[in-house]
Amino acid sequence: MPTFEYAPAPESRAVVDIASSHGLFIGGEFVEATGGKPFKTVNPATEEVLSEVSEATADDVDAAVRAARSAYTRVWSRMSGADRGKYLYRIARILQERAREFAVLETLDNGKPIKESRDVDIPLVAAHFFYHAGWADKLGYAALGENPRPLGVVGQVIPWNFPLLMLAWKVAPALACGNTVVLKPAETTPLTALLFAEVCQQAELPPGVVNIVTGAGATGQAIVDHPGIDKLAFTGSTNVGKMIARSIAGTRKKATLELGGKGANIIFDDAPVDQAVEGIVNGIFFNQGHVCCAGSRILVQENVADEVVRRLKRRLTTLRVGDPMDKNTDVGAINSRAQLTRIEELTAAGAAEGAERWDSGCELPGTGFWFRPTVFTDVSQSHRIAQEEIFGPVVSVLTFRTPGEAVAKANNTPYGLSAGIWTEKGSRILWMADQLRAGVVWANTFNKFDPTSPFGGYKESGYGREGGRHGLEAYVKTGGDQ
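Per our numbering, the sequence shown starts with residue 104, numbered consecutively.
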């Protein structure tokens, strides 16, 4: 069947100015780091150096915490909820006004397709600030408990897969509840967080309410260990989450941890196959599979498995892999060489353990970090690719015969973050959702997010919720809590 060829449709880089170097954002101003070795952030699609970024030391983190504490005690905690909400509304409107600038910078620094940054990430970022602005003066009606009050200074460490969106997930509820923030973005994707600091200045947010320190693991550890931090919010790998939990054990610090996942996308024989295939594609190949709740395991009812796999492979041959700045691109670049190496290692292990590997065979660019959309069949529950989080555009297909078997296989994982169910029977959806040990269960869709809906996991996927009324609970104390 003839297909249309897409002419390149590149987004312009001219809409964003990237400084050659960046400092730290502390006390409402950009300042130089007191030490540390500056590091480079690169465009993963071209390996071009975008900027040099400061590495915050323990002394810099201490300065940021002190600035946050001063802003908390003198200004932010004393401000009415209605006035705090006005600042959040102002930030949301500025983010909308500068949406194209943020989308381009996010794609350049992260590698995700511009259409995803433009149509998903940035609109959701603004939506989170709008939503939480509305809660700022209504916390007493959110069923959080008696007399909800802010905790104080919140330390936040965010990952590289959704840099600005993860910032919004954490900063918006913290500010709405009256807390101040010290945030560290991932070392490979710091630029949109630093641009957000400019938004804080533009919105005339009181100095010290939001502080942004850049760096790698040592900077994050300094935030975790600082005695002036009242609450920690972390999104990232399960191993680091466990280290944080051990570090704060026995202290007064509260924490929410949103960690890894190995989501099951369950396809029953009465599901509309083409719709389910689109759900599979959206569930695992969106954002190059760099999604903690990705549907990286496909559980297909045995009598339709061959048909689903056949149509899935056909669909994957139409995905366009390449320049993330091209508006036609479906799958962009892997975020870093280290992550690409991890994906290659696990896929090689899958083939060595006996699974059958298939990829789309598409041509890849000569520079940058790339991986073809890949499907594994003949996968068993014991295979590493069925148990470990790959965090890339790789999906494993397993089969089942009965709903009970589907539940048993879906729950046979150390993780418990997400799942999807595809069937025409509403009663089956409700029964399955009740049985699955996953924090989020989608029905006849996948990877749909909304600021009003809580998100979080069970088991090694962490604890606590972000988003919705439930996400506010982690940022307040109630009753007689000190």
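Glycine residues also receive a C-beta, built at the ideal position from the N, C-alpha and C atoms.
Nearest-angstrom beta carbon gap, residue j and residue i [assumed within contact, 8 Å]
i, j, result
"Val510", "Gln538", "4 Å"
"Tyr578", "Leu254", "6 Å"
"Asp73", "Val260", "An answer regarding residue 73 cannot be provided, because it is not within the stretch 104 to 585 covered by the chain."
"Val168", "Gly386", "No, Val168 and Gly386 are not in contact; Cβ-Cβ is about 39 Å, not under 8 Å."
"Val500", "Val412", "6 Å"
"Ile493", "Leu422", "Contact flag wrong, Cβ pair sits at about 17 Å."
"Leu247", "Thr581", "6 Å"
"Met428", "Glu114", "5 Å"
"Arg475", "Val394", "At roughly 18 Å, the Cβ-Cβ gap does not stay under 8 Å, so Arg475 and Val394 are not in contact."
"Gly453", "Arg445", "Not quite, the Cβ-Cβ distance comes to about 13 Å (not below 8 Å), so this is no contact."
"Ile225", "Gln305", "Incorrect: roughly 16 Å between the Cβ atoms, too far for contact."
Extent of the continuous alpha helix (DSSP H) run through residue i
i, result
"Trp534", "529 to 538"
"Trp238", "225 to 238"
"Lys345", "341 to 351"
"Val207", "202 to 213"
"Val384", "376 to 387"
"Ala489", "487 to 490"
"Ala167", "161 to 174"
Element boundaries [beta strand (DSSP E), containing residue i]
i, result
"Ser521", "521 to 525"
"Asp462", "459 to 462"
"Leu501", "497 to 503"
"Asn514", "First-last for Asn514: 506 to 514, but that is the alpha helix (DSSP H), not the beta strand (DSSP E)."
"Thr477", "477 to 480"
"Val156", "151 to 156"
"Lys287", "283 to 287"
"Glu361", "357 to 361"
"Phe337", "334 to 338"
"Val369", "For the record, residue 369 in the displayed sequence is Ile; it is not Val. From DSSP, the beta strand (DSSP E) with Ile369 extends over 367 to 370."
Beta-carbon proximity check, residue i vs residue j, cutoff 8 Å
i, j, result
"Asn146", "Thr291", "no"
"Phe371", "Thr526", "yes"
"Thr283", "Val312", "yes"
"Asn368", "Arg414", "no"
"Phe205", "Thr295", "yes"
"Gly323", "Ala148", "no"
"Gly131", "Ala159", "no"
"Val119", "Val223", "no"
"Ser521", "Gly542", "yes"
"Gly523", "Phe549", "yes"
"Leu419", "Ser463", "yes"
"Leu242", "Gly184", "yes"
"Pro262", "Met269", "yes"
DSSP state of residue i mapped onto helix, strand, coil
i, result
"Pro293", "coil"
"Pro113", "strand"
"Gln404", "strand"
"Asn264", "coil"
"Lys140", "coil"
"Arg252", "strand"
"Val411", "helix"
"Val316", "coil"
"Ala546", "strand"
"Gln259", "strand"
"Ile326", "helix"
"Ser220", "helix"
"Ser439", "coil"
"Val394", "coil"
"Leu127", "strand"
"Glu569", "strand"
"Phe299", "helix"
"Lys430", "coil"
"Val134", "strand"
"Val118", "helix"
"Lys551", "coil"
Per-residue burial, residue i [other beta carbons within 10 Å of its own, 16 or more giving buried]
i, result
"Glu135", "exposed"
"Arg201", "buried"
"Asp553", "exposed"
"Tyr244", "exposed"
"Glu219", "buried"
"Ala112", "exposed"
"Val152", "exposed"
"Ala279", "buried"
"Ser157", "buried"
"Asn406", "exposed"
"Thr432", "buried"
"Asn250", "exposed"
"Lys551", "exposed"
"Asp163", "buried"
Test: residue i CB closer than 8 Å to a CB of chain C
i, result
"Gly398", "The chain inventory of the structure shown lacks chain C, comprising one protein chain alone."
Distance cut-off 7 Å: residue i Cβ against heavy atoms of the ligand HEM
i, result
"Leu191", "Within the structure as shown, the ligand HEM is missing, as the structure has no ligands at all."
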